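Numbering follows this note's numbering, with no gaps: position 106 of the sequence shown is 162.
Note that CB positions come from ideal geometry on N, CA and C, so glycine has one too.
Here the structure is a predicted model, which means the values were calculated and not measured.
Working notes for the structure below.
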Amino acid sequence: MIPTAKRDIAREELKTIRDRLKFIGWLIFLAHGMTVGLAYLLDVPSEAKRFYLWVYGAAALLALIISFIISRFSTWPWRASIAVLGVFPFLIEMAYFSPFLGAGMWWVCVFAGYVSALLFTWREWPVGVSLTVGIGLLAALVGLFHSFTAQLPGCAVSHGYLRYALVQAGMIGGSVIAIILSRQLRKRIEEREEKLYESLEAQAALAAQLSAQKEEAEQRRLQAEKALAEVAQLREEERRRAETEAFFMRYETLMRTS
Numbered sequence: 057m058i059p060t061a062k063r064d065i066a067r068e069e070l071k072t073i074r075d076r077l078k079f080i081g082w083l084i085f086l087a088h089g090m091t092v093g094l095a096y097l098l099d100v101p102s103e104a105k106r107f108y109l110w111v112y113g114a115a116a117l118l119a120l121i122i123s124f125i126i127s128r129f130s131t132w133p134w135r136a137s138i139a140v141l142g143v144f145p146f147l148i149e150m151a152y153f154s155p156f157l158g159a160g161m162w163w164v165c166v167f168a169g170y171v172s173a174l175l176f177t178w179r180e181w182p183v184g185v186s187l188t189v190g191i192g193l194l195a196a197l198v199g200l201f202h203s204f205t206a207q208l209p210g211c212a213v214s215h216g217y218l219r220y221a222l223v224q225a226g227m228i229g230g231s232v233i234a235i236i237l238s239r240q241l242r243k244r245i246e247e248r249e250e251k252l253y254e255s256l257e258a259q260a261a262l263a264a265q266l267s268a269q270k271e272e273a274e275q276r277r278l279q280a281e282k283a284l285a286e287v288a289q290l291r292e293e294e295r296r297r298a299e300t301e302a303f304f305m306r307y308e309t310l311m312r313t314s
């Protein structure tokens with residue numbers, strides 16, 4: 057019963073993680089698509105427009121494809137790819153535009169850690185830690201070599217307020233929804249745990265009842281053995297009495313004959 061309950065809890069957790077994956081995949085698709093849209097709506101150089109189209113457009117398309125794949129396969133590499141798609145275009149943008157977006161270094165680490173906490177089970181914590189550390193090191197490398205990789209000046213998309221206001225609103229909304237999903241998962245797990253405890257209590261009561269029945273059966277067995285021993289003793293006494301009577305009858309017959 058206990059392994060079955062644990063499997064049910066793990067299955068429930070994976071189901072919730074799959075729902076989170078779909079939501080985060082669509083959120084990344086919308087965020088990257090919004091970035092591409094802003095590049096064509098705002099007054100930015102043509103080369104910057106091409107950058108956002110190819111980098112963010114490709115990432116948005118991949119996020120959409122993976123969101124559909126996740127509906128059938130939710131192994132940890134697919135989940136890790138969602139987190140990578142969320143920050144990788146921004147890392148390239150940090151490296152490509154000048155001046156350097158220093159705040160982006162901690163933002164990608166926080167995003168990676170936050171998404172890893174939502175998308176990996178407690179048994180997969182090494183994957184989440186490795187992913188977060190790897191993205192943090194990659195952001196540090198971007199900062200170290202920024203002077204060599206920067207090719208375009210900042211524009212209204214890379215350093216503008218409108219995009220980051222929209223991203224901030226999206227992050228807040230996504231965080232609230234993630235908290236609600238985590239609460240629902242915790243509630244379902246608690247319900248499973250309550251059922252598990254009830255099952256354990258029922259098993260304990262059944263075990264106590266079986267133990268009492270076993271003790272009662274043991275007492276009955278001892279009583280039956282005692283009764284059988286008494287019966288055997290009575291039979292032995294009856295046999296001896298019969299032998300004694302037969303002896304005296306033979307003796308009496310012998311005396312009369314004599």
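*Jot down the residue ranges of each uninterrupted beta strand (DSSP E) in the region 201 to 247, minimum 3 residues, whole runs only, in chain order.*
none
_Proximity to I122 [Cα-Cα], best of A261, T300, W82_ = Taking the sequence shown and counting its residues from 1, the one referred to as residue 122 is at position 66. For I122, the nearest C-alpha among the options comes from W82.
*What separation, rounded to the nearest whole angstrom, lies between the Cα atoms of L157 and T177?*
Position 101 of the sequence shown, counted from the start, is the residue given in the question as residue 157. Position 121 of the sequence shown, counted from the start, is the residue given in the question as residue 177. So the two alpha carbons sit approximately 32 Å from each other.
*Kindly indicate the opening and closing residues of the alpha helix (DSSP H) around V100.*
By one-based count along the sequence shown, residue 100 stands at place 44. Unbroken run through V100: none, as it is neither H nor E.
_Using 8 Å as the threshold, is the C-beta distance between V143 and I73 below it?_
Within the sequence shown, numbered from 1, the residue matching residue 143 stands at position 87. Within the sequence shown, numbered from 1, the residue matching residue 73 stands at position 17. Contact flag unset, no.
_I'd like the span of the alpha helix (DSSP H) that includes G169, first residue to last._
Walking along the sequence shown from the start, residue 169 turns up at place 113. Its alpha helix (DSSP H) spans residues 159 to 175.
*Would you say S154 and G210 are within 8 Å of each other, going by their C-beta atoms?*
Taking the first residue of the sequence shown as 1, we reach residue 154 at position 98. Taking the first residue of the sequence shown as 1, we reach residue 210 at position 154. Yes.
*Using only the heavy atoms of the ligand MN, determine whether one of them is closer than 7 Å to the beta carbon of E272.*
For the structure depicted, the ligand MN is absent and the ligand set is empty, with no information on it obtainable.
*Which same chain residues, not among the five before or five after R179, have their C-beta less than 8 Å away from its C-beta?*
For the purposes of this step, residue 179 is identified with residue 123 of the sequence shown, where counting begins at 1. Around R179: no qualifying Cβ.
_My output table needs one value for F156: the three-state DSSP class, helix, strand or coil._
Here residue 156 refers to the residue found at position 100 when the sequence shown is read from its first residue. F156 falls in the coil class under three-state DSSP.
*Should L290 be flagged as near chain D, meaning a C-beta pair shorter than 8 Å?*
Any reference to chain D falls outside this structure, which holds one protein chain only.
*Mind checking whether I84 and A119 have CB atoms under 8 Å apart?*
Along the sequence shown, read from residue 1 onward, the residue named residue 84 stands at position 28. Along the sequence shown, read from residue 1 onward, the residue named residue 119 stands at position 63. Going by C-beta atoms, I84 is nearer than 8 Å to A119.
*Please classify A168: is it buried, with 16 or more other beta-carbons within 10 angstroms of its beta-carbon, or exposed?*
Your numbering for residue 168 matches position 112 in the sequence shown. By the neighbour-count rule (16 or more Cβ atoms within 10 Å), A168 is buried.
_Test item: CB-CB of V213 and V100 under 8 Å_ = Counting from 1 along the sequence shown, the entry for residue 213 is found at position 157. Counting from 1 along the sequence shown, the entry for residue 100 is found at position 44. Taking 8 Å as the Cβ cut-off, V213 and V100 qualify as a contacting pair.
*Compare the beta carbon distance of L175 and A139 with 8 Å and say whether it is the shorter of the two.*
The residue labelled residue 175 in the question sits at position 119 within the sequence shown. The residue labelled residue 139 in the question sits at position 83 within the sequence shown. Yes; because the gap between Cβ atoms is below 8 Å, this pair is in contact.
*Assigned secondary structure, T188 (DSSP; H/G/I helix, E/B strand, else coil)*: To locate residue 188, count along the sequence shown from 1; it is residue 132. DSSP places T188 in helix when its eight states are reduced to three.
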